[in-house]
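Asks: Before I ask anything, let me first share the structure, which is written out below as C-alpha coordinates.
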(Lines of atoms letter the chains of each structure in order from A; the text may use other names.)
(Lines give C-alpha, C1' and ligand atoms only; values in the text may rest on other atoms or scores of the structure.)
Protein backbone atom coordinates (compact mmCIF):
# COMPACT_ATOMS: atom_id res chain seq x y z
CA UNK A 1 0.00 0.00 0.00
CA UNK A 2 1.41 3.44 -0.96
CA UNK A 3 1.75 5.95 1.83
CA UNK A 4 0.31 9.43 1.19
CA UNK A 5 2.83 12.10 0.25
CA UNK A 6 3.65 14.26 3.25
CA UNK A 7 4.01 17.92 2.33
CA UNK A 8 4.85 18.75 5.96
CA UNK A 9 6.25 16.54 8.70
CA UNK A 10 8.02 16.50 12.03
CA UNK A 11 10.36 13.83 13.36
CA UNK A 12 11.13 13.47 17.09
CA UNK A 13 10.27 17.14 17.55
CA UNK A 14 11.08 18.59 20.98
CA UNK A 15 10.48 22.16 22.15
CA UNK A 16 11.54 23.21 25.63
CA UNK A 17 10.71 26.59 27.16
CA UNK A 18 12.81 27.90 30.04
CA UNK A 19 10.73 29.56 32.77
CA UNK A 20 13.00 30.64 35.58
CA UNK A 21 14.56 27.48 37.01
CA UNK A 22 11.95 25.26 35.38
CA UNK A 23 11.93 23.73 31.92
CA UNK A 24 8.56 23.35 30.23
CA UNK A 25 8.44 20.64 27.56
CA UNK A 26 5.94 22.11 25.11
CA UNK A 27 6.55 19.35 22.53
CA UNK A 28 7.67 15.91 23.66
CA UNK A 29 9.21 13.87 20.80
CA UNK A 30 6.38 14.46 18.31
CA UNK A 31 6.58 12.56 15.01
CA UNK A 32 3.79 13.26 12.52
CA UNK A 33 3.19 13.86 8.82
CA UNK A 34 0.58 15.89 6.95
CA UNK A 35 -0.61 14.60 3.58
CA UNK A 36 -0.85 16.86 0.56
CA UNK A 37 -4.35 18.04 -0.30
CA UNK A 38 -5.97 17.31 3.06
CA UNK A 39 -7.50 19.34 5.89
CA UNK A 40 -5.99 18.48 9.28
CA UNK A 41 -7.12 19.94 12.60
CA UNK A 42 -4.63 20.02 15.46
CA UNK A 43 -6.87 20.09 18.51
CA UNK A 44 -6.45 20.15 22.24
CA UNK A 45 -6.88 22.38 25.28
CA UNK A 46 -4.81 25.45 26.10
CA UNK A 47 -1.23 24.49 26.89
CA UNK A 48 -1.36 21.19 25.01
CA UNK A 49 1.36 22.23 22.54
CA UNK A 50 -0.83 22.57 19.45
CA UNK A 51 0.16 26.15 18.60
CA UNK A 52 3.83 25.39 19.31
CA UNK A 53 3.66 22.47 16.89
CA UNK A 54 2.10 24.62 14.18
CA UNK A 55 4.66 27.39 14.69
CA UNK A 56 7.53 24.93 14.34
CA UNK A 57 5.98 23.31 11.26
CA UNK A 58 5.53 26.75 9.67
CA UNK A 59 9.04 27.95 10.46
CA UNK A 60 7.78 30.61 12.86
CA UNK A 61 9.56 29.04 15.82
CA UNK A 62 12.66 26.89 16.17
CA UNK A 63 12.68 23.44 17.77
CA UNK A 64 14.98 22.44 20.62
CA UNK A 65 15.71 19.19 18.79
CA UNK A 66 14.26 17.03 16.05
CA UNK A 67 13.53 17.67 12.39
CA UNK A 68 10.91 19.67 10.48
CA UNK A 69 10.42 19.19 6.75
CA UNK A 70 8.34 21.26 4.33
CA UNK A 71 8.30 19.34 1.10
CA UNK A 72 11.95 18.54 0.37
CA UNK A 73 13.22 21.43 2.49
CA UNK A 74 14.48 20.80 6.00
CA UNK A 75 13.62 23.87 8.08
CA UNK A 76 15.79 22.86 11.01
CA UNK A 77 19.03 24.80 10.86
CA UNK A 78 18.03 27.32 8.20
CA UNK A 79 19.06 30.92 8.74
CA UNK A 80 16.46 33.59 9.49
CA UNK A 81 16.77 34.88 5.93
CA UNK A 82 16.28 31.39 4.48
CA UNK A 83 13.28 30.75 6.73
CA UNK A 84 11.74 34.05 5.65
CA UNK A 85 12.12 33.02 2.01
CA UNK A 86 10.50 29.62 2.64
CA UNK A 87 7.57 31.17 4.50
CA UNK A 88 7.13 33.76 1.76
CA UNK A 89 7.23 31.28 -1.10
CA UNK A 90 5.63 28.13 0.32
CA UNK A 91 3.40 28.99 3.28
CA UNK A 92 0.09 30.76 3.72
CA UNK A 93 -1.08 32.02 7.11
CA UNK A 94 -4.52 32.71 8.57
CA UNK A 95 -4.54 34.02 12.14
CA UNK A 96 -7.23 34.70 14.71
CA UNK A 97 -6.28 38.40 14.68
CA UNK A 98 -6.44 38.61 10.83
CA UNK A 99 -3.09 40.49 10.59
CA UNK A 100 -4.19 42.87 7.83
CA UNK A 101 -2.29 46.10 7.15
CA UNK A 102 -4.66 48.91 8.24
CA UNK A 103 -3.47 51.46 5.69
CA UNK A 104 -4.18 49.17 2.70
CA UNK A 105 -7.48 48.35 1.07
CA UNK A 106 -8.85 44.83 1.11
CA UNK A 107 -7.63 44.26 -2.45
CA UNK A 108 -4.17 45.63 -1.67
CA UNK A 109 -3.95 43.34 1.37
CA UNK A 110 -4.93 40.30 -0.69
CA UNK A 111 -2.41 40.81 -3.49
CA UNK A 112 0.45 42.13 -1.31
CA UNK A 113 2.34 38.82 -0.83
CA UNK A 114 2.26 38.20 -4.59
CA UNK A 115 3.19 41.71 -5.73
CA UNK A 116 5.98 42.06 -3.13
CA UNK A 117 7.79 39.07 -4.60
CA UNK A 118 7.19 40.02 -8.22
CA UNK A 119 5.29 36.84 -8.94
CA UNK A 120 2.54 36.46 -11.51
CA UNK A 121 -0.84 37.62 -10.25
CA UNK A 122 -3.40 34.97 -11.14
CA UNK A 123 -6.39 37.20 -11.88
CA UNK A 124 -8.70 34.24 -12.46
CA UNK A 125 -7.87 32.79 -9.06
CA UNK A 126 -8.24 36.22 -7.44
CA UNK A 127 -11.67 36.67 -9.00
CA UNK A 128 -12.67 33.15 -7.92
CA UNK A 129 -11.59 33.66 -4.32
CA UNK A 130 -13.21 37.07 -4.00
CA UNK A 131 -16.42 35.75 -5.54
CA UNK A 132 -16.67 32.60 -3.46
CA UNK A 133 -15.88 34.52 -0.28
CA UNK A 134 -18.50 37.15 -1.09
CA UNK A 135 -16.25 40.18 -0.63
CA UNK A 136 -16.32 41.60 -4.15
CA UNK A 137 -18.04 44.81 -3.01
CA UNK A 138 -15.52 45.38 -0.18
CA UNK A 139 -12.31 45.52 -2.19
CA UNK A 140 -11.84 49.29 -1.84
CA UNK A 141 -12.48 49.28 1.92
CA UNK A 142 -9.76 49.33 4.55
CA UNK A 143 -9.79 46.79 7.42
CA UNK A 144 -11.33 49.25 9.90
CA UNK A 145 -14.33 49.51 7.57
CA UNK A 146 -14.86 45.74 7.48
CA UNK A 147 -16.57 43.39 9.91
CA UNK A 148 -14.54 40.68 11.61
CA UNK A 149 -15.92 38.09 9.22
CA UNK A 150 -15.05 40.21 6.21
CA UNK A 151 -11.52 40.76 7.52
CA UNK A 152 -11.04 37.03 7.95
CA UNK A 153 -12.29 36.41 4.40
CA UNK A 154 -9.72 38.92 3.12
CA UNK A 155 -7.05 37.06 5.10
CA UNK A 156 -8.20 33.75 3.57
CA UNK A 157 -8.01 35.15 0.05
CA UNK A 158 -4.54 36.54 0.76
CA UNK A 159 -3.33 33.17 2.07
CA UNK A 160 -4.65 31.20 -0.90
CA UNK A 161 -3.82 33.56 -3.77
CA UNK A 162 -0.13 32.63 -3.83
CA UNK A 163 -1.00 28.90 -4.06
CA UNK A 164 1.15 27.97 -1.05
CA UNK A 165 2.26 24.43 -0.33
CA UNK A 166 0.46 24.62 3.03
CA UNK A 167 -1.98 27.02 4.68
CA UNK A 168 -1.54 27.17 8.45
CA UNK A 169 -4.60 28.53 10.26
CA UNK A 170 -4.24 29.39 13.96
CA UNK A 171 -7.66 29.56 15.65
CA UNK A 172 -9.11 31.22 12.52
CA UNK A 173 -12.64 31.46 13.96
CA UNK A 174 -11.68 32.60 17.47
CA UNK A 175 -12.85 36.20 16.95
CA UNK A 176 -15.94 35.35 14.90
CA UNK A 177 -19.56 34.60 15.78
CA UNK A 178 -20.69 31.01 15.30
CA UNK A 179 -22.42 31.55 11.93
CA UNK A 180 -19.49 33.45 10.39
CA UNK A 181 -17.05 30.95 11.88
CA UNK A 182 -18.92 28.09 10.24
CA UNK A 183 -18.75 29.87 6.88
CA UNK A 184 -14.97 30.34 7.23
CA UNK A 185 -14.49 26.67 8.14
CA UNK A 186 -16.66 25.57 5.24
CA UNK A 187 -14.52 27.65 2.89
CA UNK A 188 -11.32 26.09 4.22
CA UNK A 189 -12.82 22.67 3.62
CA UNK A 190 -13.87 23.63 0.08
CA UNK A 191 -10.39 25.01 -0.68
CA UNK A 192 -9.02 21.54 -0.01
CA UNK A 193 -11.63 19.93 -2.25
CA UNK A 194 -11.73 22.49 -5.07
CA UNK A 195 -8.18 23.89 -5.09
CA UNK A 196 -6.31 20.80 -3.78
CA UNK A 197 -5.01 23.02 -0.99
CA UNK A 198 -3.32 21.56 2.09
CA UNK A 199 -4.66 23.09 5.31
CA UNK A 200 -3.39 22.59 8.87
CA UNK A 201 -5.59 24.30 11.45
CA UNK A 202 -5.05 24.73 15.19
CA UNK A 203 -8.22 24.83 17.27
CA UNK A 204 -9.44 24.18 20.80
CA UNK A 205 -13.04 23.91 19.56
CA UNK A 206 -14.33 20.37 18.85
CA UNK A 207 -16.99 21.77 16.51
CA UNK A 208 -14.32 23.45 14.38
CA UNK A 209 -12.19 20.29 14.39
CA UNK A 210 -15.11 18.34 12.94
CA UNK A 211 -14.76 20.21 9.61
CA UNK A 212 -11.39 18.56 8.98
CA UNK A 213 -10.53 15.29 7.21
CA UNK A 214 -8.30 14.33 10.10
CA UNK A 215 -8.15 15.36 13.76
CA UNK A 216 -4.85 15.24 15.61
CA UNK A 217 -5.31 15.57 19.38
CA UNK A 218 -2.49 16.86 21.60
CA UNK A 219 -2.11 16.88 25.37
CA UNK A 220 1.00 17.82 27.35
CA UNK A 221 3.08 18.08 24.19
CA UNK A 222 2.24 14.60 22.91
CA UNK A 223 -0.16 13.18 20.33
CA UNK A 224 -2.84 11.28 22.25
CA UNK A 225 -5.21 10.55 19.35
CA UNK A 226 -5.16 10.67 15.55
CA UNK A 227 -8.57 10.23 13.91
CA UNK A 228 -8.88 9.90 10.14
CA UNK A 229 -12.37 11.34 9.73
CA UNK A 230 -12.23 11.21 5.91
CA UNK A 231 -11.68 7.45 5.93
CA UNK A 232 -15.08 6.92 7.50
CA UNK A 233 -14.32 7.18 11.20
CA UNK A 234 -17.18 8.62 13.20
CA UNK A 235 -16.73 12.38 13.66
CA UNK A 236 -18.04 11.87 17.19
CA UNK A 237 -14.89 9.89 17.98
CA UNK A 238 -12.73 12.87 17.15
CA UNK A 239 -14.96 15.24 19.11
CA UNK A 240 -14.93 12.92 22.12
CA UNK A 241 -11.14 12.78 22.06
CA UNK A 242 -10.84 16.57 22.12
CA UNK A 243 -13.51 16.97 24.81
CA UNK A 244 -12.05 14.24 27.02
CA UNK A 245 -8.56 15.73 26.94
CA UNK A 246 -9.99 19.16 27.73
CA UNK A 247 -11.89 17.90 30.77
CA UNK A 248 -8.87 16.00 32.06
CA UNK A 249 -6.74 19.12 32.34
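In UniProt numbering, the protein residues as written are 1 to 249.
Ideal placement from N, C-alpha and C gives every residue a C-beta, glycine not left out.
This structure is a prediction, so every number in the text was calculated from the model and none was measured.
1. What three-state label does DSSP hand residue 123 in the structure shown?
2. Residues bridged to residue 65 by DSSP?
3. Judging by CA-CA distance, which residue of 184, 189 and 34 is the nearest neighbour of residue 98?
4. For residue 6, I'd like the list of residues in its chain whose CB is within less than 8 Å of its CB, leaving aside the five on either flank, ordered along the chain.
5. Just checking, does the region 115-135 make contact with the region 63-83 on the three C-beta pairs under 8 Å criterion?
6. Could you give the DSSP three-state label for residue 221: helix, strand or coil?
7. If I measure Cβ to Cβ from residue 188 and keep anything under 6 Å in the same chain, skipping five residues before and after, which residues do I get?
8. Less than 6 Å between C-beta atoms, sequence neighbours within five positions excluded: which residues of the same chain meet that for residue 252?
9. Just to confirm the assignment: which complete beta strand (DSSP E) runs, minimum length 3, are found wholly within the region 88-143?
10. With 16 as the cutoff for other CB atoms within 10 Å, does residue 144 come out buried or exposed?
11. In the DSSP output, which residue or residues are listed as bridge partners for residue 34?
12. Taking the alpha-carbon positions, what's the residue 186 to residue 39 distance?
13. Taking all protein chains shown into account, decide if residue 213 is buried (16 or more other Cβ within 10 angstroms of its Cβ) or exposed.
14. Can you pull the DSSP bridge partners for residue 170?
15. Would residue 156 and residue 114 be called neighbours here (beta carbons separated by less than 9 Å)?
16. Check residue 157 in the structure and name its three-state DSSP category.
17. Which class does residue 3 belong to by DSSP, given the choice of helix, strand or coil?
18. Ignore the nearest five residues each way along the sequence and tell me which others in residue 105's own chain have a CB closer than 8 Å to its CB.
19. If the criterion is Cβ atoms closer than 9 Å, does the pair residue 125 and residue 160 meet it?
20. Round the Cβ separation of residue 41 and residue 203 to the nearest angstrom and send it over; I've been treating them as touching at under 8 Å.
21. Compute the distance between the beta-carbons of residue 87 and residue 66, then report whether it is under 9 Å.
Replies: Quick look at the numbers:
1. The residue labelled residue 123 in the question sits at position 123 within the chain shown. If DSSP states are grouped into helix, strand and coil, residue 123 belongs with the helices.
2. As a working mapping, residue 65 is identified with position 65 in the chain shown. Residue 65 pairs with 14.
3. By one-based count along the chain shown, residue 98 stands at place 98. Taking only the C-alpha atoms, the option nearest residue 98 is 184.
4. The residue given as residue 6 occupies position 6 in the chain shown. Answer for residue 6: 33, 34, 35, 36 and 69, listed in chain order.
5. no
6. On the chain shown, position 221 is the one that residue 221 refers to. Here residue 221 sits in coil by DSSP.
7. Sequence index remark: in the chain shown, residue 188 carries index 188 (1-based). Cβ within range, chain order: 199.
8. The chain is shown only over 1 to 249; residue 252 falls outside these bounds and no answer can be derived.
9. 91-95
10. By one-based count along the chain shown, residue 144 stands at place 144. Flag for residue 144 reads exposed.
11. Position 34 of the chain shown holds residue 34. According to DSSP, residue 34 bridges with 8.
12. Locating residue 186 in the chain shown gives position 186, where the first residue counts as 1. Locating residue 39 in the chain shown gives position 39, where the first residue counts as 1. If you take the alpha carbons of residue 186 and residue 39, they lie about 11 Å apart.
13. Walking along the chain shown from the start, residue 213 turns up at place 213. It is buried - the Cβ of residue 213 has at least 16 other Cβ atoms within 10 Å.
14. Position 170 of the chain shown, counted from the start, is the residue given in the question as residue 170. Per DSSP, 95 and 202.
15. Sequence index remark: in the chain shown, residue 156 carries index 156 (1-based). Sequence index remark: in the chain shown, residue 114 carries index 114 (1-based). No. Outside cutoff.
16. Within the chain shown, the letter at position 157 stands for residue 157. Correct three-state label for residue 157: helix.
17. In the chain shown, residue 3 corresponds to position 3, counting from 1. Low per-residue confidence applies at residue 3: pLDDT is 41, beneath 50, and the placement is therefore not dependable enough to give any value.
18. For the purposes of this step, residue 105 is taken as residue 105 along the chain shown, with counting starting at 1. Counting only Cβ-Cβ distances below 8 Å, and skipping sequence neighbours, we find 139, 140, 141 and 142.
19. The sequence position of residue 125 within the chain shown is 125, counting from 1. The sequence position of residue 160 within the chain shown is 160, counting from 1. Going by C-beta atoms, residue 125 is nearer than 9 Å to residue 160.
20. By 1-based counting over the chain shown, the position of residue 41 is 41. By 1-based counting over the chain shown, the position of residue 203 is 203. Going by Cβ atoms, the distance from residue 41 to residue 203 rounds to 6 Å, so yes, they are a contact pair.
21. Within the chain shown, residue 87 is the residue found at index 87, counting from 1. Within the chain shown, residue 66 is the residue found at index 66, counting from 1. No.
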